[in-house]
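Asks: Protein chains in written order, with numbering that gives the first Met the number 0: chain F, 0 to 129; chain Z, 0 to 129. Glycine is no exception: its CB is placed at the ideal position from the N, C-alpha and C atoms.
2 protein chains.
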Amino acid sequence: MYSIQEVSQRTGLSAHTLRYYEKEGLISGVERTPGGFRQYSDEDMEALGLICCLKNTGMPLQEIASFLTLTRRGDQTLEERVNMLRAHRENVLTRMEEMRRYLEKVTWKLEYFTRKLEAYQNDGGDGETR
Amino acid sequence: MYSIQEVSQRTGLSAHTLRYYEKEGLISGVERTPGGFRQYSDEDMEALGLICCLKNTGMPLQEIASFLTLTRRGDQTLEERVNMLRAHRENVLTRMEEMRRYLEKVTWKLEYFTRKLEAYQNDGGDGETR
DNA sequence: TATTGACTTAGAGTAAACTTTAAGGATTAG
DNA sequence: CTAATCCTTAAAGTTTACTCTAAGTCAATA
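1. Just list the residues that DSSP pairs Y39/F with in beta bridges.
2. Taking the DSSP output, what are the residues bridged to R71/F?
3. For A86/F, is the classification buried or exposed, using 16 other Cβ atoms within 10 angstroms of its Cβ as the cut-off for buried?
4. Going along chain Z in order, which residues have a C-beta closer than 7 Å to the C-beta of L60/F?
5. Please look up how many angstroms separate the CB atoms of R37/F and I3/F, rounded, as I've assumed it's under 8 Å.
6. Taking the continuous alpha helix (DSSP H) assigned at L102/Z, which residues delimit it?
7. Taking beta-carbon pairs under 9 Å, can you tell me which members of the stretch 74-97 of chain Z lie near chain F?
8. Is the separation between the beta-carbon of G48/F and that of V91/F shorter than 8 Å?
9. Specify the secondary structure class of E30/Z as computed by DSSP and reduced to three states.
10. Pull up the distance between the alpha-carbon of T10/F and that of I50/F, whole angstroms please.
11. What is the rounded straight-line gap between the Cα of K104/F and the Cα of E21/Z?
12. Thinking C-alpha only, which one of P33/F, A46/F, L116/F is nearest Y25/F?
13. Output the distance between the C-alpha atoms of V81/Z and T113/F, rounded to the nearest integer angstrom.
14. With H, G and I counted as helix, E and B as strand and the rest as coil, what does DSSP make of T10/Z?
15. Using a beta-carbon distance below 8 Å, is T106/Z in contact with chain F?
16. Hey, is L47/Z's beta-carbon within less than 8 Å of any beta-carbon in chain F?
17. Quick check on L12/F - is its C-beta less than 8 Å from some C-beta in chain Z?
18. When you compare only the Cα positions, how much space is there between Q8/F and A14/F?
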């Protein structure tokens, strides 16, 4: 079992954010000490791993919350979850491909500017304030 | 010369967004008709192309604005611009690699759930509400 | 000429994902 | 025991990037 601080360090999410995620329904059923402190189980950590994974590939928190709500409803929601993941995966692949194309253009621009800079420097643009 | 509607269609940015970008200093010096309507030149279109490119690779609008402000100051800012682009390119590459790793994990999860779903369906989970 | 529809501005409103604040209760090192 | 630290909730505030509204101006057409 892990305290909220430990979980924060392991996941890179702030304690604030962890509570926020709980409020938003991303995680639920986190155990508490008699004093009311959160105690995260390994299962919770597992779920948080998936949350980060989906978040970092651009899934909105609301959709992540839906996904994890389905997970809690058990195997009868497997098909829906598979569909969600499949759609998400396609989206990510599309975005990555788009990104790759845009990055190519950035690379060309960079090369163009680099050549232009060299020309400018060789041409006496350096420090010559005459 | 293009009207704001034409530019909107060509760039995929709404007319609202185009005016917003102007207000935020991303573009400037857009010509006007006697009546005050915006008339975008090919140069403006060129700049908008770069803006979209940088935006779609995740550069914040503020930074894009800085970049284009430097561009307007001319060749003496070439070095700074090259540095910005280089740094941006590195960031994008890093993010893409991170993305790739996260997507891999999503793919595993998807495969795992798919197998689990098949097992569930073959096991009579289909419509049997008994 | 009248009307439709696109354009103008300033400024308010929205959505997502936090982040901070306020006010106070619990736990632990010394 | 007590100070320091960590925890609690509810709610307000922040940032980014739009998006919309209101009130009015301009242009083309029937």
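Replies: Short version:
1. Y1/F
2. R71/F is not bridged to any residue.
3. exposed
4. Those within 7 Å of L60/F in chain Z number zero; the least Cβ separation is about 16 Å.
5. 5 Å
6. 77-119
7. D74, Q75, L77, E78, R80, V81, L84, R85, H87, R88, V91, L92, R94, M95, E97
8. no
9. strand
10. 10 Å
11. 23 Å
12. The sequence given here has Leu at residue 25/F, not Tyr. Answer by Cα proximity: A46/F.
13. 6 Å
14. helix
15. yes
16. no
17. no
18. 9 Å
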